[in-house]
Amino acid sequence: MSRIVIVSVIVCLVQAILAEDCGPNAVHEEHVGCEPTCETPKITALCATAPQLGCKCLPHFVRDKSKNACVKVEDCPNKGCGDNESYIQTIGCEPTCAQPKVLPRCAAAPHMACRCHEGFVRDKTHNKCIKEHDCPK
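What the sequence shown shows, in mature numbering (1 follows the signal peptide of the UniProt record, and there is no 0), is residues -19 to -1, 1 to 118, in sequence order.
Shown next, in the form of structure tokens:
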């Protein structure tokens, strides 16, 4: 009986020592593999990372590798986006001066990118987001 108590205490101590402080919006898990990041917020079925003991972001949060913290995707670093644009998860093509109405059959795959805010189009000549009426003629 005393051996069971001693083993239980040792197991609890080892777990306490191994458990790291994961920070806000994260939990410690035994089988952490690929997790969403600011660069790749959607994990595909093809994950090359072997599961291991560690911290994992809670649902609806992604890993900001620059801070090693779990944040909402909208709180990811801006990645150098200019005025009138944000770094967001995007699918498809964005409106441009040459093509202000995006075609529904655009084949771009989901990815993170600087995207013009609603009501703006990309001027590819200067790589800036401007109002459509300000596009060069």
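In this text, a Cβ means the ideal position worked out from N, Cα and C, and glycines have one as well.
Beta-carbon proximity check, residue i vs residue j, cutoff 7 angstroms
i: R96; j: I69; result: yes
i: K46; j: T18; result: yes
i: T77; j: V102; result: yes
i: F42; j: N65; result: no
i: C3; j: H9; result: yes
i: residue 121; j: P40; result: Lying before the first or after the last residue shown, residue 121 is absent from the chain, which here runs from -19 to 118.
i: K37; j: E20; result: no
Host beta strand (DSSP E) of residue i (start-end)
i: S67; result: E66 to T71
i: D104; result: V102 to D104
i: D2; result: No beta strand (DSSP E) holds D2; DSSP gives it neither H nor E.
i: C51; result: A50 to V52
Selected residue, minimal CA-CA separation from residue i, among the options
i: D104; options: G63, C87 and A90; result: G63
i: C87; options: G100, G73 and H98; result: G73
i: Y79; options: K37, E20, I24 and K112; result: Residue 79 is actually Ala in this sequence, not Tyr. Nearest option by C-alpha distance: K112.
i: G61; options: M93, C36 and V83; result: M93
Per DSSP, the bridge partner or partners of residue i
i: H9; result: C36
i: C110; result: R103
i: C57; result: The partner list for C57 (beta bridge, DSSP) is empty, contrary to what the question assumes.
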